[in-house]
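Asks: To start, I am sharing the structure in question, which I have written as structure tokens.
In full-length UniProt numbering, the protein residues as written are 1 to 492.
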């Protein structure tokens with residue numbers, strides 16, 4: 001008994017140390033420049049009421065309003081600084097790490113849970129999105145809690161220590177017994193929590209429907225019809241509630257695809273490149289560098305190594321393997337009709353991947369391999385840490401540097417750019433006079449000197465350069481910032 005107590009105490013100490021380092025590493029470069037989508041989130045919650053977010057903004061957005069409601073509440077207390085608006089994602093990511101520990105412990109043991117937590121908390125893609133003021137870290141938390149809760153409710157674990165498999169867990173109490181009533185009440189409460197998590201997930205990010213649908217299919221396949229029925233009801237109710245908004249958003253999405261020439265490439269069409277980017281980015285993060293061949297070789301080798309351990313984990317726990325793979329398959333199929341195959345739309349799968357890596361390493365066979373298991377665990381963690389530090393410590397891999405660009409502009413400057421992409425400039429410089437670059441062809445009285453930020457003009461198919469050349473302008477100079485460009489034009 002003393003040995004067990006001592007083991008639990010040591011595990012708690014290791015977890016505390018792990019979470020402290022995970023939190024501290026997320027503070028590195030957390031005040032880097034916002035990028036467009038983050039700034040849009042901020043400007044929306046700063047200038048619109050809750051009702052206006054729902055009825056004026058959301059119909060023209062591609063996400064449900066849940067995250068914006070939360071961010072408006074949060075910023076009302078903590079303000080609109082870069083750190084303040086990103087802190088919820090940091091907290092959500094850390095909390096997800098703890099749920100990953102519980103999940104790993106449930107499917108195997110505490111040690112497996114610890115290493116699964118480490119692999120998630122120091123995953124470079126998880127760190128990247130834990131520093132972004134968007135909905136992805138929050139929905140990852142909701143869905144990870146959901147998976148863990150289902151493991152607890154329905155005993156879906158296929159761990160080595162499992163003594164019995166429950167094929168069709170009953171929701172019916174043992175009639176007439178106190179134990180039966182307690183079991184019934186406990187399950188009712190649990191499924192109410194499940195329903196709440198389904199609601200929060202879909203209300204935060206539509207992409208969560210892919211994982212929820214996967215769960216429904218899994219329960220049907222396992223003939224657990226009662227749980228599948230509850231999920232169908234929960235999902236139906238939230239989608240019914242969002243139907244009026246979804247109709248507007250789908251109409252707007254169709255219009256964007258027709259009007260914006262390169263919009264489909266932004267959303268993520270179904271092709272081999274976008275499919276292969278999922279394992280690459282899931283293991284090496286958001287970074288990319290030249291020469292591309294070196295990047296693809298290094299990230300590819302690392303992805304293959306991690307995939308090997310994931311595969312070993314899937315052999316041991318097919319349920320988690322199903323949850324990892326099938327949402328991507330559904331997303332791929334949907335993308336043939338409506339493009340959506342981008343790796344960041346699936347980051348809620350990172351906790352599942354982390355658990356499978358830990359399980360896969362634990363299940364390596366062979367006496368010699370067993371002796372090396374501890375070293376393998378450490379080397380895998382070290383690999384994730386290296387990729388993360390490359391992103392965090394080398395500024396060229398950070399987000400677009402709108403902050404430096406904005407502060408380089410003169411006071412009250414007139415800037416031509418895509419108005420739909422201007423929120424981030426307005427966040428840093430409210431004094432800037434913005435003019436839609438698309439209006440250049442209609443303007444008859446333009447200044448002799450123009451400042452143009454060509455950001456997203458290629459996506460919208462705006463050929464402003466031809467118009468300016470034909471109007472007697474020439475580009476006098478240009479300034480580059482990380483991921484951005486300013487052009488200065490003058491009348492000849």
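By construction, the Cβ of each residue, glycine as well, lies at the ideal position given by its N, Cα and C atoms.
#1: Put residue 167 into one of helix, strand or coil per three-state DSSP.
#2: If we ignore side chains and look at the alpha-carbon of each, how far apart do residue 370 and residue 280 end up?
#3: Whose C-beta lies closer than 6 angstroms to the C-beta of residue 362 among residues of the same chain, with five residues either side of it excluded?
#4: Could you please give the first and the last residue of the uninterrupted alpha helix (DSSP H) stretch that includes residue 35?
#5: Under 8 angstroms, do residue 328 and residue 311 count as touching if we go by C-beta distance?
#6: Count the other CB atoms, across all protein chains shown, that sit within 10 Å of the CB of residue 461; report buried if there are 16 or more and exposed otherwise.
#7: For the alpha helix (DSSP H) containing residue 495, list its first residue and its last residue.
#8: Residue 481 by DSSP, collapsed to three states: which one?
#9: Measure the alpha-carbon distance for residue 99 versus residue 385 and round it to whole angstroms.
#10: Judging by CA-CA distance, which residue of 6, 91 and 8 is the nearest neighbour of residue 26?
#11: Can you tell me whether residue 233 is buried or exposed? The criterion is at least 16 other CB atoms within 10 Å of its CB, across all chains shown.
#12: Less than 8 angstroms between the C-beta atoms of residue 390 and residue 416, yes or no?
#13: Would you mind working out which of 204, 45 and 255 sits nearest residue 66, comparing C-alpha positions?
#14: Spatial neighbours of residue 412 within its chain, please: CB distance less than 6 angstroms, with the 5 preceding and 5 following residues excluded, ordered by chain position.
#15: Let me confirm a value: residue 517 is counted as buried when at least 16 other C-beta atoms fall within 10 Å, else exposed. Which label applies?
#16: In angstroms with no decimal places, state the Cα-to-Cα distance between residue 40 and residue 424.
#17: Could you please give me the residues that DSSP links to residue 435 through a beta bridge?
#18: Going by beta carbon distance, what residues of the same chain come within less than 7 angstroms of residue 551, once the five residues before and after it are set aside?
#19: State buried or exposed for residue 6, treating a residue as buried only when at least 16 other CB atoms are found within 10 Å of its CB.
#20: What's the C-alpha gap between residue 135 and residue 53?
#21: Is the region 266 to 276 touching the region 318 to 337, taking contact as three or more C-beta pairs under 8 angstroms?
#22: Assuming contact is defined by CB atoms lying nearer than 8 angstroms, are residue 119 and residue 330 in contact in what I supplied?
#23: What does residue 489 pair with, by DSSP beta-bridge criteria?
#24: What three-state label does DSSP hand residue 226 in the structure shown?
#25: In this structure, how does DSSP classify residue 351 when only helix, strand and coil are distinguished?
#26: Give every residue of the same chain whose Cβ lies closer than 8 angstroms to the Cβ of residue 246, excluding the five residues on either side of it in the sequence, and list them in chain order.
#27: Go ahead and pull the three-state DSSP assignment for residue 290.
#28: Should residue 429 go down as buried or exposed, given a rule of 16 or more other Cβ atoms within 10 Å for buried?
#29: Residue 96 and residue 49: beta carbons closer than 8 angstroms?
#30: Where does residue 394 land, buried or exposed, given buried means 16+ other C-beta within 10 angstroms?
#31: Specify the secondary structure class of residue 253 as computed by DSSP and reduced to three states.
#32: What are the complete alpha helix (DSSP H) segments, minimum 4 residues, inside the UniProt domain "Glycosyltransferase RgtA/B/C/D-like" (63 to 151)?
#33: Taking 7 angstroms as the limit between beta carbons, can you name the residues of its chain near residue 457, skipping five residues before and five after?
#34: Using 10 angstroms around the beta-carbon of residue 104, count the other beta-carbons present and answer buried if the total reaches 16, otherwise exposed.
#35: Beta-carbon within less than 7 angstroms of residue 306's beta-carbon, same chain only, minus the 5 sequence neighbours each way: which residues are those?
Replies: With the structure as the only source:
#1: Model confidence at residue 167 stands at a pLDDT of 46, short of 50, so the residue's coordinates are unreliable; what they give is reported in the following sentence. It is coil, neither helix nor strand.
#2: 28 angstroms
#3: 112
#4: Premise fails: residue 35 is in no alpha helix (DSSP H) and is neither H nor E.
#5: no
#6: exposed
#7: Limits of the chain in this structure are 1 at one end and 492 at the other, which puts residue 495 out of reach.
#8: strand
#9: 20 angstroms
#10: 91
#11: exposed
#12: no
#13: 204
#14: 431
#15: Look at the range of the chain in this structure, 1 to 492, and you will see that residue 517 is not part of it.
#16: 7 angstroms
#17: 416
#18: Outside the shown range of the chain (1 to 492) lies residue 551, about which nothing can therefore be said.
#19: exposed
#20: 15 angstroms
#21: yes
#22: no
#23: 450 and 475
#24: helix
#25: helix
#26: 239
#27: coil
#28: buried
#29: no
#30: exposed
#31: helix
#32: 66 to 78, 82 to 107, 110 to 121 and 124 to 130
#33: 418, 437 and 464
#34: buried
#35: 283 and 357
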